[in-house]
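Below you'll find the structure, written out as C-alpha cells, and then a few comments.
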Amino acid sequence: METDLRSLDNEERQSRFALRTLLETSKMLVESQDPDFVLNNLLLITMGKLLVTRGIILIQNGSENSYRVSKIKGQNSLGEEDLITLPVDESILKKSVIQGTDHPELVEELGLSEEAILFNLRTTNHHLGFLCLGAKGNKQPLAHSELEFIESLAIISSVAIANSRMFQELRLINRKLDRKVHDLHTLLELSKDFNLMVDQDEIARTFKFAMLGQMLIRTFFFALDIDDERSLISSSGLKEKPSQEELKKLYELDDVFYCNEEHDCPFLDKNNIRLVIALRFQNEKIGVVGVGAPANKEEYGSEEVNFLQSLGNLALLAIQKTMLLEERIENKRMEEELELARTIQEGLFPSPVPEISGFDLKATNISSRQVGGDYFDVVETPDGGYILAIADVTGKGVPASLLMANLQSMLHALAPIDITLSAATDSINNIIHHNTPADKFITFFWGKISNCGTYFEYVNAGHNNPLLFREGEKEPVELDKGGVILGAMESIMPYESDTIELKKNDVLVLYTDGVTESMNPDKNEEYGEERLETCIKNNLTKSSQEIMDAVIEDIKDYSNDTQYDDITMLVIKVS
C-alpha cells in the first residue's frame, strides 16, 4: 500500500514538474519574435526531454508536399536548408502525432528508424510542418505523458511560429512605411529649399548634392531644354560630355528607359549610365536625368524611379520659376501638383466597386477639394470574404490625402495576412501614431463579410457609427464597438470587435461626417443623424444606388448645393 502511494506521489510530482516546464517554455516561446529561436528551442527541449539523439524540424515550403529542413540534430544524410518531398496526404495532416511504424515511407525519406515519431506543427487554419524525433536512447516507446508533453509543446510552438511570422511581416511593412516617410520628408525639405532659390546655378548645385548625399549616386547628369537649346546644367562622374546629337537622342528615349535595352546613344555606354528618366512640364519633355549605378550596386526599382522623378521635377519647377513670373509659375505648379495628387488619389479608390454575390453594394466619394482626406475601400480576402472600410483623415488637401494613401497601403498589406481585425487595427494605429504628426488623426471603420455572406465582423475606431436597418425594426442598430481614433495614442487596450448576423433585406449604411455635418445656407444647423435616418427609412425598399442618390440629393437640397467637407458613403443591401 505504501509503495503504491509513493508511486502515485512520484507520478504527481513528475506531472507537476512537466506542467511547470511546459508553462515556462510556452511563455518563452510565445514571447519570442524570432522563428529561428522558437524552432531551435523546440528541437533542443524535446530531444533533451526524451533523450533522443536525432531530431529534425521540417517547415512547409510553398507546395503541399515540399518541405525545407529548418533544424537538424544528430547524424543524418539531410542538412539544414535542404528541400525534401514527403508522401503526405490529408489523412496524415489531420493527425497530431504520426507514428513511424504506421508510416514507414515517411521516416524512411527522413533517414529515421521506424521507431521515430512525427508531431504535426499546425495552427487552427494552417499546417506549418513537422517535428521529427528519432528513437529514444533506450529504444523504449514514448510514454503517454511524454507524448502529451511533446504534443502540447508542438501546439504552443506552432502558435509562436505563426506569431513571429506575423511580427516579421509587420516589421517589413513598417520598414517600407519608414522608407516612404523618409523619402517624403526629404522631398518636402528639398521642395522648401528649391522654392527659396532664385538662381539656376544654386538649384543645380542643390540637385547635385541631393543625388550624391541622398541617393548615393556618383555618376549622373541633368539635361535641360530651354527654348530648344539643350545643355547639361548639372553632372558628376562623367568621362565625357554628350554632343548635341547625343542630347537629341536622349530626348527621344522613353520616359523611363533602362540602358540595358537597345539604344543608339554611345554616350550612355561610355559613362556607364544605367537609367534615363524624362521630366515633363505641361506634358512637354524639357528635362532628362540619367544616373549610373547606386553605391549598393542594386538595380533601380519603382520606388527609386519615383523618387528620382520627384526630385528631378522639384528641381525643374524651381528652374522654371526663375524664368517666369513668380506668381504665374507658383500657380501653375500648384495646379499640376493638385491634379497629380487627385489622379493618384482617385487610383486609390476601388474602380469599379467590386460586386459581392448576395449583396447590392454601392459607394461614392465626393471631395470638397481636388484632393481630400476621405477614404473607402472594398477588398477581397484570400478566404473569399470581403473587407469594407471607410475613413476620414483630419484636415484637407494634400497632407490629408498623403495620410489617406498610407492608410490604404497598410490595409491592402494586412488584408491577405491571417490576423484578426482587432490585432490589425492595433498595428495600424501604432504605425500611424509613430509616423505622423501629433495633430493628425483618422476616424476609421472596417468590417469583414464572411465568405458565406452570413456574418459581418467589424471594428470601429472613433468613426461615425454605421447604421444597420432591419425589416420590422423601427430604429437602426448602430455599429459602435471598437476603440479610439487612429493615431491619437499608442494602443494600450486592444480594439474591441463585434459580429452581427446579416439577414435578407438588411441595409447597412457607412458614411463620413461630411454627410451629417453638411450645413444649411445660414450655417447655423447641421443636416444631422436624424434627417439621415429619416431619408434612409423612406427609401429602404429601393436599391442601394437609389438609397445613396436619395441621401445625396437630400443633402444638396438642405445645404443649397454648398459643400464644405468631403462626402463618402457605402450602402450595402442584403439580397
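According to this note's numbering, numbering within the sequence shown proceeds without interruption in unit steps and concludes at 588. Where a beta carbon is used, it is the ideal one built from N, C-alpha and C, also for glycine.
- Excluding five sequence positions before and after Glu542, the CB atoms of its chain that fall closer than 6 angstroms to its own CB belong to Thr529, given in chain order.
- Counting along the chain, Lys107 sits inside no beta strand (DSSP E), nor does DSSP assign it H or E at all.
- Using a Cβ distance threshold of 9 angstroms, Leu141 and Ala175 count as a contacting pair.
- In this structure, the straight-line span from the alpha carbon of Pro100 to that of Glu491 is close to 52 angstroms.
- Beta-bridge pairing by DSSP links Lys149 to Val65.
- When DSSP states are grouped into helix, strand and coil, Arg287 belongs to the coil group.
- Taken atom to atom, the span from the alpha-carbon of Gln421 to that of Ser170 is near 33 angstroms.
- Taking C-alpha positions only, Ile444 is separated from Tyr524 by approximately 24 angstroms.
- When DSSP states are grouped into helix, strand and coil, Asn273 belongs to the coil group.
- Look at Phe389 here: in three-state DSSP terms it is strand.
- If you draw a straight line from the Cα of Ala418 to the Cα of Lys261, it comes to about 38 angstroms.
- Around the CB of Lys152, fewer than 16 other CB atoms lie within 10 Å, so the residue is classed as exposed.
- Collapsing the DSSP output to three states places Pro479 in coil.
- Under the rule that a run must span 4 or more residues, the alpha helix (DSSP H) segments found entirely inside the region 423 to 461 read 434 to 448.
- Between Asp405 and Gly386, the alpha-carbon positions lie close to 6 angstroms from each other.
- Secondary structure note for Asp373: its beta strand (DSSP E) is the uninterrupted segment 372 to 379.
- Put simply, of Glu275, Ser177, Tyr399, Ala451 the residue whose alpha carbon is nearest the alpha carbon of Ser463 is Tyr399.
- Judged by beta-carbon spacing, Ile585 lies beyond the 9 angstroms limit of Leu424, meaning their Cβ atoms are not closer than that value.
- By the Cβ neighbour-count rule, Ala156 is exposed, with fewer than 16 other Cβ atoms within 10 Å of its own.
- Per the Cβ contact rule, the region 551 to 561 is not in contact with the region 495 to 507 (fewer than 3 Cβ pairs under 8 angstroms).
- By the C-beta density criterion, Asp570 is exposed, having fewer than 16 other C-beta atoms within 10 angstroms.
- Out of Pro479, Tyr264, Ile498, the CA that lies nearest to the CA of Ala451 is found in Ile498.
- With a cutoff of 9 angstroms on beta-carbon distance, Glu127 and Pro117 are scored as near each other.
- Here the alpha carbons of Ser315 and Phe294 stand approximately 21 angstroms from one another.
- A Cβ-Cβ separation of about 6 angstroms places Phe458 in contact with Pro479 under the 8 angstroms criterion.
- Rounded to the nearest angstrom, the gap between the Cα atoms of Lys252 and Lys283 is 7 angstroms.
- Comparing C-alpha distances from Val304 to each of Lys375, Leu245, Ile290, Glu93 shows the shortest one belongs to Ile290.
- Rounded to the nearest angstrom, the Cβ distance from Leu134 to Ala167 is 6 angstroms, consistent with a contact under 8 angstroms.
- Taking one beta carbon from each stretch, the region 468 to 478 and the region 510 to 522 have 3 or more pairs nearer than 8 angstroms; the two touch.
- Met417 carries a helical assignment under DSSP once its states are collapsed to helix, strand and coil.
- Nearest C-alpha to Arg184 among Asp47, Tyr468, Asn309, Ser572: Asp47.
- Using a Cβ distance threshold of 9 angstroms, Pro367 and Thr394 do not count as a contacting pair.
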